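Those letters in the sequence shown? Residues 86 to 490, per the numbering used here, in order. Ideal Cβ positions, reconstructed from N, Cα and C, are used throughout, including at glycine. Here the structure is a predicted model, which means the values were calculated and not measured. Here is the structure we will look at.
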Amino acid sequence: MKKYELKPGLFYVGIKNPTLRTFDIVMRTDYGTTYNSYLIKDEKNALIETAHHSFFDSYIESVQEIVDLNTIDYIILNHTEPDHSGSLNNLVKLCPHATVVCTTPASIYLKAITNNSAIKFQIAKNGDTISLGRNSLQFILAPFLHWPDTMFTYCSEMSTVFTCDFLGAHYCEDAIVDSKIHYVNKYKHGFLNYYNDIFSPFKKHVLEGLKKLSGLPFDMACVSHGPVLTSSGLLNYAMDSYYALSNTVMPQTPKITPVFYCSAYGFTRKIADAIVKEINKISSDYNCQSYDIIEHDMNMLIKLMNESVGFLIGSPTINRDTVPPVLSLLSHIDAINSAKKPVGVFGSYGWSGEAIPTIVARLSSIKLNPINSGLKINFNPSISDDDQIKAYAKDFTDAIASYAK
Ligand code: FEO
């Protein structure tokens, strides 16, 4: 890649991957991504982040265009997920004088990622600085943005902060800096999806991170995915968006209590309808409403599920298992922020009804609170099932009452 100097002595040495469409198995990347890495050339030379291992050859070529690898003194790793640390093992073999600077948790993870006991580490504590000559680097611990290992690196002389994943975007154009990109709306779409996928479970930590950044004068944020952000470009948009998206308060009383279900022959739907009726009879404040999963937009259902104070989910049993749309919805639970959330589980079954215990076990394993062992009804619910439906609805609302306290 052609040498790109962002500021005197600060070079972009990242990798572009415009054709990537799935990142980390679960993220759609409609606009590709970049693995950004930066090189500060000074009396001592420092590389900040590395790149995905599969791009090592072109990555190292970019670095070598600027400095002799023997003269790299520091490799700064703000975060150790392998899209940033993946080239480390190959890199340290070629940079014999380099010390890896990272947080304590990062050093633990890196030892397990690289299995390389020859790597020299320097642990960064909050506020520590190292001098490169004309420039210095200060380390600001920023845990859970988005792993426990994360930190920001700040260079006051360059008015630049290196934030790794924070404020990034899975977005790739030829341009390296925000002011040069052509499709700003597409960037914003990618940026918001990235926040939702990566940072939305860590809102409290996002606000803490923004507060740490607000105390620093800087006009450039060197993120590790997507365009470099500048004060004359999209930096304010990115920071304001993170603030607005994270500064939300979870409702203490339910706005909607959703009942999600799938139903092959209408039997599970009948249970869902009976539960809705019963819960709204207990109190109209629950605003209980049912949603046939295959008839609704999945993103809307995910939002309802994660913003609810509790929800119910119903599945028939087909071939001894839960049906795929139910599994798909449950795979999007924000487990980090949903600990102990009450969830009712129900379904009609014909032979043995494995769907119900399967869902209950999954919810328990991710630390939510499935109500009892679920509600199973054989084939077509009848009047003789009313009492157990009523009792289950009552147990669910009792659990919501204590969860919302
Ligand atoms: Fe870009 Fe958390 O890795």
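Inter-residue spacing [alpha-carbon to alpha-carbon] between residue i and residue j
i	j	result
threonine 188	threonine 248	14 Å
phenylalanine 237	glutamine 207	15 Å
leucine 389	isoleucine 157	50 Å
methionine 305	isoleucine 403	55 Å
glycine 171	phenylalanine 303	29 Å
tyrosine 159	tyrosine 116	32 Å
phenylalanine 229	proline 167	16 Å
leucine 173	asparagine 270	34 Å
histidine 255	threonine 118	4 Å
tyrosine 268	leucine 217	37 Å
leucine 222	alanine 191	18 Å
leucine 154	leucine 226	28 Å
glycine 300	phenylalanine 224	14 Å
histidine 290	leucine 319	22 Å
phenylalanine 489	valine 394	The sequence shown places alanine at residue 489, rather than the phenylalanine named in the question. Cα to Cα, the separation comes out at about 7 Å.
glycine 429	proline 312	44 Å
lysine 452	valine 445	11 Å
serine 285	isoleucine 364	30 Å
Per-residue DSSP class, three states only, for residue i
i	result
arginine 106	coil
tyrosine 38	As shown, the chain starts at 86 and ends at 490. That puts residue 38 outside it, with no answer to give.
glycine 435	coil
threonine 184	strand
leucine 362	One point to set straight first is that residue 362 is lysine, not leucine, in the sequence displayed. Helix.
aspartate 470	helix
lysine 355	helix
isoleucine 403	strand
isoleucine 125	strand
tyrosine 327	helix
glutamate 242	coil
tyrosine 116	coil
asparagine 454	strand
Exposed unless 16 or more other CB atoms sit within 10 angstroms - verdict on residue i
i	result
glutamate 258	buried
tyrosine 279	buried
tyrosine 350	exposed
methionine 385	exposed
threonine 235	buried
leucine 277	exposed
threonine 315	buried
proline 409	exposed
Neighbour flag for residue i against chain D, beta carbons, 9 Å
i	result
tyrosine 97	Any reference to chain D falls outside this structure, which holds one protein chain only.
Contact belief for residue i with residue j at Cβ below 8 Å, rounded distance in angstroms
i	j	result
lysine 288	threonine 333	7 Å
Enumerated in chain order, which unbroken segments of the beta strand (DSSP E) with a length of 3 residues or greater are wholly contained in the region 134 to 219? Correct list: 157 to 161, 184 to 187, 206 to 208, 214 to 216.
Which runs of the beta strand (DSSP E) spanning at least 3 residues fall entirely within the region 365 to 389, listed in chain order? Complete beta strand (DSSP E) runs here, min 3: 373 to 377.
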